[in-house]
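Participant:
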Amino acid sequence: MIVREAKLKHGTAEQYSAIDEAIRTAQFIRNKAVRYWMDNQGTNKADLYSICKDLAKEFDFAKKLNSAARQASAERAWAAISSFYARCKKGAGKKAENAVLGFPQVERFSKTGFPKFKKHCRSVEYKVSGWKLSDDCKSITFTDGFEIGTLSIFCNNETQEDLHTLKINRVRIVRRADGHYAQFCFDADRKEQGKYSGNIVGLDLGLKFFTKDQNDNAVIYPQFLIHAEKQLKKAGRRLSKKFVKGAKPQSNNYHKARKRLGKIHLKVSRQRKDWAIKQARCVVASNDVVVYEDLKIANMVKNHNLAKSISDAGWYQYTQWLDYYGKIWDKAVVAVNPAYTSQDCSNCGHRVKKSLSTRTHSCPNCKIEICRDTNAALNILHKGLNILGVNWNKQRGGSPEASFAGVASPANVAPQHSTSGQEGSAL
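Heads up: the sequence shown begins at 20 in my numbering, then just goes up one per residue.
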């Protein structure tokens with residue numbers, strides 16, 4: 020599936036208000052579906068679909084929302100429930116197991132991922148009905164009971180071409196700080212011919228260096244959040260001054276200040292995403308095999324001294340784009356367990372304990388002395404090649420004894436998820 024995005028413009032205040040009402044209604048149906056699952060043991064997806072019909076009969080505002088959009092909201096609830104069940108099967112915790120066995124009230128607000136009620140949804144999703152695209156694909160009309168009407172579409176040439184040629188499965192309206200957007204989901208898979216160069220790379224993710232490979236090549240992260248902090252603090256102070264305790268609703272000046280703060284956060288988010296896409300694309304385009312460490316970021320941000328920097332780095336987003344481009348160009352992108360990659364010697368395998376402040380790897384066994392991150396990158400690469408079943412010369416600077424053009428499709432490479440919290444190479 021391919022997703023393209025276009026901005027919705029030239030709408031009136033009433034139209035945008037109707038969109039917000041539709042989003043709130045979708046949130047209401049999703050929350051009602053989660054509540055029904057909590058209160059009724061053995062609920063399945065079909066039961067949630069039937070709840071949508073009952074809600075449409077009971078509430079007039081719910082009936083305004085297109086029937087397919089109501090079903091899409093129920094599907095969102097079921098996605099959260101299914102994800103919760105999957106985590107429980109993997110052993111997320113005793114209380115979570117009790118919830119699956121029929122005691123949902125035990126773990127409604129647990130940290131194990133129990134489905135929660137949404138308070139600030141920002142999107143509503145339509146399937147094949149409830150909307151109509153113009154013949155020139157420059158405007159879209161929403162035809163459900165909220166009477167949103169026709170809005171202009173502003174997008175790039177690539178999106179325009181896909182709108183004319185590909186089949187649209189779903190349309191999603193997303194509200195952001197700088198306006199409303201339409202996301203089009205196409206029934207197609209992106210596939211391109213990759214250029215194979217025979218190069219391989221092992222990537223160690225970190226804070227001092229965003230990535231460092233086995234050849235000691237480093238990439239510095241621009242720290243978008245740190246650079247925007249002055250603006251964010253100033254906008255936050257102005258917002259707090261506009262807030263009146265107990266006032267419902269807040270003043271127009273408060274909402275203007277809130278939107279200004281949201282736009283700054285949105286810019287940082289887009290900068291981080293753009294950085295991740297460009298870096299991942301360059302890495303996968305220039306290498307046939309990419310091996311990275313599968314970090315447990317949720318555990319790492321528990322270190323409050325480094326949580327902000329870890330979150331700003333966006334490692335998860337970066338690795339997701341590595342996987343994405345690996346599938347597009349049919350290249351091997353492998354995630355390996357990061358346990359002890361910074362401790363083990365890449366030359367002889369001897370384990371050398373070191374703190375996070377120690378940036379040099381000095382092995383007392385083989386007397387090698389290299390950068391800590393380079394040593395970790397070599398170990399990460401070695402682990403990835405072992406997964407692919409490729410022989411590799413352990414000597415530093417060694418090369419694999421195989422060609423990597425099409426050596427393994429990413430779909431056939433299972434990530435080696437980390438189960439250890441003892442890795443420190445990422446810092």
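By construction, the Cβ of each residue, glycine as well, lies at the ideal position given by its N, Cα and C atoms.
Just so we're clear, the structure is a prediction, and the values are computed from it rather than from any experiment.
What are the residues that DSSP puts in a beta bridge with Trp348?
Facilitator: By one-based count along the sequence shown, residue 348 stands at place 329. According to DSSP, Trp348 bridges with nothing at all.
Participant: In chain order, what residues of the same chain lie with their CB nearer than 8 Å to the CB of Val320, ignoring the 5 residues before and after it?
Facilitator: Taking the sequence shown and counting its residues from 1, one reaches residue 320 at position 301. Ala326, Ile329, Ser330, listed in sequence order.
Participant: Alpha carbon to alpha carbon, how far is Leu222 from Asn324?
Facilitator: Locating residue 222 in the sequence shown gives position 203, counting from the first residue. Locating residue 324 in the sequence shown gives position 305, counting from the first residue. Going from the Cα of Leu222 to the Cα of Asn324 covers about 24 Å.
Participant: So does the region 344-358 actually touch the region 237-257, counting three or more Cβ pairs closer than 8 Å?
Facilitator: Touching, no, given that fewer than three Cβ pairs across the two stretches are closer than 8 Å.
Participant: Can Gln336 and Arg370 be called in contact, C-beta distance under 8 Å?
Facilitator: Numbered from its first residue, the sequence shown carries residue 336 at position 317. Numbered from its first residue, the sequence shown carries residue 370 at position 351. Their beta carbons are not under 8 Å apart, which means Gln336 does not touch Arg370 by this criterion.
Participant: Can you pull the DSSP bridge partners for Ser142?
Facilitator: Taking the first residue of the sequence shown as position 1, residue 142 is located at position 123. DSSP lists Val193 as partners of Ser142.
Participant: In the region 355-407, which residue ranges form an unbroken beta strand (DSSP E) of at least 3 residues, counting only runs that do not cross its ends?
Facilitator: The qualifying runs are 379-381, 388-390.
Participant: Tell me the start and end of each unbroken alpha helix (DSSP H) in the region 64-92 that is at least 4 residues and wholly inside, in chain order.
Facilitator: The qualifying runs are 64-77, 79-83.
Participant: According to the Cβ coordinates, are Gly403 and Val310 closer than 8 Å?
Facilitator: In the sequence shown, counting from the first residue as 1, residue 403 sits at position 384. In the sequence shown, counting from the first residue as 1, residue 310 sits at position 291. In contact: Gly403 and Val310 (Cβ atoms closer than 8 Å).
Participant: How would you write the range of the alpha helix (DSSP H) that Thr169 sits in, first residue to last?
Facilitator: On the sequence shown, residue 169 is found 150 positions in, with the first residue counted as 1. Premise fails: Thr169 lies in the beta strand (DSSP E), 168-173, not in any alpha helix (DSSP H).
Participant: Buried or exposed, going by whether 16 or more other CB atoms sit within 10 Å of the CB of Thr15?
Facilitator: Beyond the ends of the chain as shown, which are 20 and 446, falls residue 15; an answer cannot be given.
Participant: Could you spell out the range, first to last residue, of the alpha helix (DSSP H) harbouring Phe228?
Facilitator: Taking the first residue of the sequence shown as position 1, residue 228 is located at position 209. Phe228 -> no alpha helix (DSSP H), and no H or E assigned at all.
Participant: Please state whether the Cβ-Cβ distance between Thr178 and Arg23 is less than 8 Å.
Facilitator: Position 159 of the sequence shown, counting from 1, holds the residue named residue 178. Position 4 of the sequence shown, counting from 1, holds the residue named residue 23. Contact: yes.
Participant: Since Ala81 and Phe47 are thought to touch, with beta carbons under 8 Å apart, how far apart are those beta carbons, to the nearest angstrom?
Facilitator: For the purposes of this step, residue 81 is taken as the residue at position 62 of the sequence shown. For the purposes of this step, residue 47 is taken as the residue at position 28 of the sequence shown. Indeed, because the Cβ distance is near 7 Å, the residues count as touching under 8 Å.
Participant: Give me the residue from Gly198, Asn175, Ser216, Trp150 with the minimum Cα distance to Ile187.
Facilitator: As a first step, residue 187 is located in the sequence shown; it is residue number 168 there, counting from the start. Of the listed residues, the one whose Cα sits closest to Ile187 is Trp150.
Participant: In three-state terms, what does DSSP make of Ile100?
Facilitator: If you number the sequence shown from 1, residue 100 lands on position 81. Three-state result, Ile100: helix.
Participant: What residues in its chain sit with their C-beta under 7 Å from that of Ile239, if we drop five residues either side in the sequence?
Facilitator: Here residue 239 is taken as the residue at index 220 of the sequence shown, counted from 1. Cβ neighbours of Ile239 beyond the five flanking positions: Phe228, Phe229.
Participant: Hey, is the region 181-199 in contact with the region 349-367, meaning 3+ C-beta pairs nearer than 8 Å?
Facilitator: The region 181-199 vs the region 349-367: no contact.
Participant: Please list the terminal residues of the continuous beta strand (DSSP E) segment that includes Lys28.
Facilitator: The residue you call residue 28 lines up with position 9 of the sequence shown. It spans 21-28 - the beta strand (DSSP E) in which Lys28 sits, taken as one unbroken run.
Participant: Using 8 Å as the cut-off, can you tell me whether the region 133-141 makes contact with the region 97-109, which would need three or more C-beta pairs spanning the two stretches below that distance?
Facilitator: Contact between the region 133-141 and the region 97-109 is present, because at least three Cβ pairs lie under 8 Å.
Participant: Which whole-angstrom value is the C-beta distance of His183 and Cys156, which I expect to be below 8 Å?
Facilitator: Taking the sequence shown and counting its residues from 1, the one referred to as residue 183 is at position 164. Taking the sequence shown and counting its residues from 1, the one referred to as residue 156 is at position 137. Yes, they are in contact, since the Cβ atoms of His183 and Cys156 sit about 6 Å apart, within 8 Å.
Participant: I think Lys83 touches Gly168, with their Cβ atoms under 8 Å apart; what is that distance to the nearest whole Å?
Facilitator: Numbered from its first residue, the sequence shown carries residue 83 at position 64. Numbered from its first residue, the sequence shown carries residue 168 at position 149. With a Cβ gap of about 14 Å, Lys83 and Gly168 do not count as contacting.
Participant: Which same chain residues, not among the five before or five after Glu116, have their C-beta less than 7 Å away from its C-beta?
Facilitator: Residue numbering aside, residue 116 sits at position 97 when the sequence shown is read from its first letter. Residue placement at Glu116 is poorly supported in this model, since its pLDDT is 46, which falls under 50; the coordinates are not used for a value here.
Participant: I'd like to know whether the C-beta atoms of Asp363 and Asn398 end up nearer to each other than 8 Å.
Facilitator: Within the sequence shown, the letter at position 344 stands for residue 363. Within the sequence shown, the letter at position 379 stands for residue 398. Yes, Cβ-Cβ distance for Asp363 and Asn398 is below 8 Å.
Participant: Excluding the 5 residues flanking Gly333 on each side, which residues of the same chain have their C-beta closer than 6 Å to its C-beta?
Facilitator: The residue given as residue 333 occupies position 314 in the sequence shown. Answer for Gly333: Arg291, Ala295, listed in chain order.
Participant: Just to confirm before moving on: does the CB-CB distance between Asp232 and Ala396 stay below 8 Å?
Facilitator: In the sequence shown, residue 232 corresponds to position 213, counting from 1. In the sequence shown, residue 396 corresponds to position 377, counting from 1. Contact flag set, yes.
Participant: At the level of alpha carbons, what is the spacing between Lys386 and Ser376?
Facilitator: Along the sequence shown, read from residue 1 onward, the residue named residue 386 stands at position 367. Along the sequence shown, read from residue 1 onward, the residue named residue 376 stands at position 357. The alpha-carbon atoms of Lys386 and Ser376 are separated by roughly 20 Å.
Participant: Any idea what DSSP makes of Gly255, helix, strand or coil?
Facilitator: Taking the first residue of the sequence shown as position 1, residue 255 is located at position 236. Three-state DSSP puts Gly255 in a helix.
Participant: Comparing alpha-carbon positions, which option in Gln34, Leu280, Ser153 lies nearest Glu166?
Facilitator: Counted from its first residue, the sequence shown places residue 166 at position 147. Of the candidates Gln34, Leu280, Ser153, the one whose C-alpha sits nearest the C-alpha of Glu166 is Gln34.
Participant: What are the start and end residues of the beta strand (DSSP E) that includes Lys151?
Facilitator: In the sequence shown, the residue the question calls residue 151 occupies position 132. Its beta strand (DSSP E) spans residues 150-152.
Participant: Could you please give the first and the last residue of the uninterrupted beta strand (DSSP E) stretch that includes Tyr311?
Facilitator: Counting from one through the sequence shown, the residue named residue 311 turns up at place 292. Residues 308-312.
Participant: Cα-Cα, which of Pro383, Asn50, Arg300, Val352 is closest to Ser365?
Facilitator: Here residue 365 is taken as the residue at index 346 of the sequence shown, counted from 1. For Ser365, the nearest C-alpha among the options comes from Pro383.
Participant: Using C-beta distances below 7 Å, list every residue in its chain close to Thr393, excluding the 5 sequence neighbours before and after it, in chain order.
Facilitator: As a first step, residue 393 must be located in the sequence shown, where it is residue number 374. If we look at Thr393 and ignore the five residues flanking it on each side, its Cβ neighbours are Lys231, Gln233, Asp235.
Participant: Given a cut-off of 8 Å, decide if Glu388 and His401 are closer than it, judged by their beta-carbon atoms.
Facilitator: One-based indexing of the sequence shown puts residue 401 at position 382. One-based indexing of the sequence shown puts residue 388 at position 369. Contact: no.
Participant: Rounded to whole angstroms, what's the CA-CA distance from Ala32 to Asn306? Just pull it up for me.
Facilitator: In the sequence shown, the residue the question calls residue 32 occupies position 13. In the sequence shown, the residue the question calls residue 306 occupies position 287. When rounded, the distance between both Cα atoms is 50 Å.
Participant: Assuming Ala266 is part of the alpha helix (DSSP H), what are its boundary residues?
Facilitator: Translated into the one-based positions of the sequence shown, residue 266 becomes position 247. First-last for Ala266: undefined, no H or E at that position.
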